[in-house]
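**Student:**
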Amino acid sequence: MVDLTRAQESPAFPAVARPTVAWGRPKPGFFGLLLLSVTVFYIFLPMIAVFLYGLATTWTNHVTPDGYTLAHWRDSLADGRFRVVLGRSLALAIGTAVLDLLLVTPAVYWQRVRNPRIRPVIEILAAIPFSVPYAVIAFGLLPLSGTYAPSLQGTLWLLLPAHAAVAFSFAYWAIDSSMAASNVVGLSEAARTCGANVATTLTRVILPNIMPGLASGAVLAFGVSFNEVALVQILCGNRFETVPLYTLNLLKSTDADFNSLAVMTGITFAITLVLSVLVVSLNKGRAAAGGTTDAKGAPA
Amino acid sequence: MSTITIEHVSKRYGDKLALDDVSLNVHSGELIALLGSSGCGKTTLLRAIAGLIDPSAGRILFDGRDVTAVPTRMRPIGMVFQSYSLFPNMTVRQNIAFPLKVRGQSTAAIARRVDELLALIGLGEWADRHPSQLSGGQQQRTALARALAPDPAVLLLDEPLSALDAVVRLHLRDEIRRIQQSIRTTALLVTHDQSEALAVADRVVVMRQGRIEQLATPASLYETPTTAFSASFIGNRNALNLPVRDGRIRLCGTIEIATALTTPRALVFVRSEDVRRSNDASGQAATIENRIFEGSTTRFYLTIPTDDGPLHVKADWPSRETDELRSGDTINVVIDPRDAHVFPG
Amino acid sequence: MSHHAQATGSGRYTAAARTLSIGERAKALFVDWSLALPLIVMASLLLIAPALSMVWSSFAGEDGHFTLANWAKTFSSAASQHAMENSLLLAATVATLSTLFGTPLSWMISRMARWSRSFHLGILNVAANFSGIGLGFAYVAALGTYGMVTLAFQNVGLGFTGLPQSSFTGLVLAYCYSNVPLFVLLSLPVMSLLRDEWWEAAQTSAATRWQFWRYIGAPVLMPFILADWLLIFTWSAGMYGLPVALVGEKPGAFRLVTVEMYRSLYGSFFGDHRMPVYAVLLMCLAAVSLLTNRWIMRRGTRWLT
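Residue numbers (our numbering), protein chains in the order written: chain A, 1374 to 1673; chain B, 5 to 349; chain C, 428 to 732.
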């Protein structure tokens, strides 16, 4: 998942007064509109194809299917393997999101209010999953776990932390920028001068203020885990079939059932869409906040 | 240098009227200050003259030629922006040379003109720095030089000093005046600072809610504001809301002003330096509520008891002559009715 | 805000450490790092350790001793050379196309009104994240032999039989699906560096739109665009799910480094020794790209702050 929070932040400038009246924005020209529509069309095209395949009776040689039916959706959702796979993926993604929140939130809070030296360490770690392919991490973990923790091999107890590790950077940027935006240092100091202890400060002051950041961090981590295939395939293989792995296996099988594939892909897409809408709406009203450090410090 | 004629210009944003039928004549070589609080339309007017926005109605003429439909880059203008708007990838020299370069001038001509301008603004030794390496004042000088480079007929200054600190602001203010006078270009300066407007302008346009409230020279604006808004905006004035009885306003005690007003109440403006101490028993007794030392003058907050209740007045007096006065003291003050400006209340 | 807080934070930390005994100092050090420790330990174990283990494997022979044989064999094999060349070529093509299409898109979106920007960002965000196996299938469903577009072309009488999904062109088209949107999302913050006032100042200096882009827009944005090109390049070279879905085990198909790594999972006769070498190569690419990216960003923002 790509972190939209950073995409929406405009790097701050030396404080200069900005015009208060909207002077009107430049409108995209003809070629701009053309490029924009072609892009939107190109993005929607495969999605439409997937959607139609999921509803098609047969589809031989026309632009649209020969007939429509809900049978594939009904059959797929009734299929035991399909349901297990979907439930497993959702559980894994939720687990990843929760684990990341539990690990990242205290670390970011501590880095901001107590020890700024934590920041460079976490930033280096956060840069790894952005640039090193997950497959490389997976292939590296395979022999390591074989040597030091053979009992974990092929189990959820290796996969879940691995997903949390590659997804944490997304949660990190979301939570860090929301802590910057809501000025947790100032809030903590203000709460202390009001006589609040650490626990009260956290639960009554800090958490409510960074809730949008936590939510979008969780959504991002969820998305990474739900769409991830390299770690799942390499660390667990078919012992732990998730949605992407199931899709891949179907796609690879000689008698690929396009309709059933379309249903699974449609569900994946719908979940991605919901997550994106969530991220965009969670970040509404924070566009101007955040500050330069986030934009510049981001590795990607 | 050229004259600017603004004829019935309006600008509408949605249902908000940013400029409401503004007409104005700027003489050749004159510096006019557009003065008003934020949102009064002064910047909108300047941007309309620059062509950065299109007026919803009306015409703008340079030397009698209608430029309303002429794009910004074809207008004979130079503009200085509030936030400098220097191009960050260019040095001081390149920034100043830019308007000449895009006009296709020869390298030698550009170099000559840039050196001239560097001397004029005194940034010769900084010529090869980037804007981020300059102080705010130096950046604004560079912006001024860039605006002046093509020898524009009209110089437009949009709050050029508001992002600077007080000392630099005063210095640069006087320098803008010096440079404008030495090259005699027609200039418009937008500002919300009355002292800036009074100091540099030949004439001042006071704007309010998209309209011109008053157009006058700095001295006459200061001495004889023609509207209550001008009076409240220019100078440190006491605004006293008093009843009118039988064509007379009783300021306090024996001090009365004759007026032709028929409204039940009047707004009386008296500058704080026009509230004077009287050395004898004449005048009104006033109690000092508070005193604020401001350097050469000290501000006194006074309460004068009247039949209509206590009157709160502020007065500015030279600090050296008022050393002995303390809060709680009672003194005598006089106000000359000729120093009061009366408007309907 | 945060800089100030950082200064006082570290000041307090060093001042306290100087006057304390070793035991107390260790305790203070522990408290300073405590809440971040779980994250740091876990991320190090799961991100840094595997990377180091790959480096070690790439230099380890079958007997566990240090050897350069893996590297030598990989680089001397024609198939491996092909895979590496193809991966770099594909990544460079995708990054270049993403930059060419993404930059104007990003510029337009940065200048849009709020709701319209949210709408387009939402769509791009979906596309950027819909990059794995699902996209692989969706791509086949649209452009494959029985894909919707293929059928549409055939219906209007064009002899289009679908893009071979494992061809270079096919892969480029599929990669661009998520990488053009990704480029837009990455470059969007940079677009706000280009301030509207500069365009106004250029206009009052008599510059045309072309002159504005030539002298101001392009020089200011160029370093950041290059940095984003580099990130897309690295990202594309390391993409795994999509090429595995599109190319997979098809014999004689287009060779890519990540696909070769996938194949090594299932058949040792492909040569297990190559896989760690590939992994280390991708890691080096990532490291170089990341460092260059940071360096360019620092240089690029130097003018601006």
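Glycine is no exception: its CB is placed at the ideal position from the N, C-alpha and C atoms.
(1) Along the stretch 607-634 of chain C, what residues have a CB closer than 8 Å to any CB found in chain B?
(2) Note down, in chain order, every chain A residue with its Cβ under 9 Å from the Cβ of residue 467(C).
(3) Three-state secondary structure (DSSP) at residue 1454(A)?
(4) Taking all protein chains shown into account, decide if residue 302(B) is buried (16 or more other Cβ within 10 angstroms of its Cβ) or exposed.
(5) According to a CB-to-CB cut-off of less than 8 Å, which residues of the stretch 642-671 of chain C neighbour chain B?
(6) Taking Cβ positions only, does residue 1591(A) come closer than 8 Å to chain C?
(7) Could you tell me the alpha carbon to alpha carbon distance between residue 733(C) and residue 600(C), rounded to whole angstroms?
(8) For residue 681(C), does the three-state DSSP call read helix, strand or coil?
(9) For residue 154(B), go through chain C and note every residue whose CB falls closer than 9 Å to its CB, in chain order.
(10) Between the Cα of residue 209(B) and the Cα atoms of 38(B), 131(B), 234(B), 160(B), which residue gives the shortest distance?
(11) Is DSSP giving residue 249(B) helix, strand or coil here?
(12) With a cut-off of 8 Å, does the C-beta of residue 1546(A) fall near any C-beta of chain C?
(13) Report, in whole angstroms, the separation of the C-beta atoms of residue 353(B) and residue 82(B), which I expect to be a contact under 8 Å.
(14) Select from 665(C), 459(C), 573(C), 463(C) the residue whose C-alpha is nearest the C-alpha of residue 1512(A).
(15) With contact counted as at least three CB pairs below 8 Å, one residue from each stretch, are the stretch 1639-1650 of chain A and the stretch 541-555 of chain C in contact?
(16) Using CA coordinates, which residue listed in 1410(A), 1571(A), 1472(A) is at the minimum distance from residue 546(C)?
(17) What in chain C is Cβ-close to residue 1600(A), meaning under 9 Å?
(18) Helix, strand or coil: which one does DSSP assign to residue 1655(A)?
(19) What residues of chain C sit near residue 1446(A), judged by a beta carbon separation below 7 Å?
(20) Looking at the secondary structure, which residues open and close the alpha helix (DSSP H) in which residue 260(B) lies?
(21) What number of angstroms, rounded off, separates the C-alpha of residue 1678(A) from the C-alpha of residue 602(C)?
(22) Hey, is residue 89(B)'s beta-carbon within less than 8 Å of any beta-carbon in chain C?
(23) Could you say which of 245(B), 241(B), 296(B), 281(B) lies nearest to residue 274(B) if we only look at CA atoms?
(24) With H, G and I counted as helix, E and B as strand and the rest as coil, what does DSSP make of residue 730(C)?
(25) Does residue 1641(A) have its Cβ less than 8 Å from a Cβ in chain C?
(26) Can you look up residue 15(B) in the DSSP assignment and give me helix, strand or coil?
(27) Establish whether the CB of residue 194(B) and some CB of chain C are separated by less than 8 Å.
(28) When you compare only the Cα positions, how much space is there between residue 308(B) and residue 343(B)?
(29) Figure out for me which residue from 485(C), 494(C), 544(C), 489(C) has the closest Cα to the Cα of residue 611(C).
(30) Are the C-beta of residue 722(C) and some C-beta of chain B separated by less than 8 Å?
(31) Helix, strand or coil: how does DSSP classify residue 256(B) here?
(32) Note down the Cα distance separating residue 1418(A) from residue 719(C), rounded to an integer number of angstroms.
(33) With a cut-off of 8 Å, do at least 3 Cβ pairs link the stretch 59-71 of chain B to the stretch 644-660 of chain C?
(34) Does residue 693(C) pass the burial test, meaning 16 or more other C-beta atoms within 10 Å, or should it be called exposed?
(35) What are the uninterrupted segments assigned as alpha helix (DSSP H) that are 4 or more residues long and contained completely in the stretch 160-238 of chain B, given in chain order?
(36) Does the beta carbon of residue 1441(A) come closer than 8 Å to any beta carbon on chain C?
**Tutor:** Walking through what the data contain:
(1) 622, 624, 625, 627, 628, 629, 630, 631, 632, 633, 634
(2) 1480, 1491, 1494, 1495, 1498
(3) helix
(4) buried
(5) 642, 643, 646, 647
(6) no
(7) There is simply no residue 733(C) to check, as chain C begins at 428 and stops at 732 in what is shown.
(8) coil
(9) 632, 633
(10) 38(B)
(11) strand
(12) no
(13) Absent from the structure is residue 353(B), since the part of chain B shown begins at 5 and ends at 349.
(14) 665(C)
(15) yes
(16) 1410(A)
(17) 556, 557, 558, 559, 560, 561, 668
(18) helix
(19) The premise fails here: residue 1446(A) is roughly 16 Å from chain C at the closest Cβ pair, so nothing lies under 7 Å.
(20) Residue 260(B) -> not in any alpha helix (DSSP H); beta strand (DSSP E) instead, spanning 259-262.
(21) This structure does not reach residue 1678(A), given that chain A is present from 1374 up to 1673, and the question cannot be answered.
(22) yes
(23) 241(B)
(24) coil
(25) yes
(26) strand
(27) no
(28) 18 Å
(29) 544(C)
(30) no
(31) strand
(32) 36 Å
(33) no
(34) exposed
(35) 170-187, 198-204, 222-227, 232-237
(36) no
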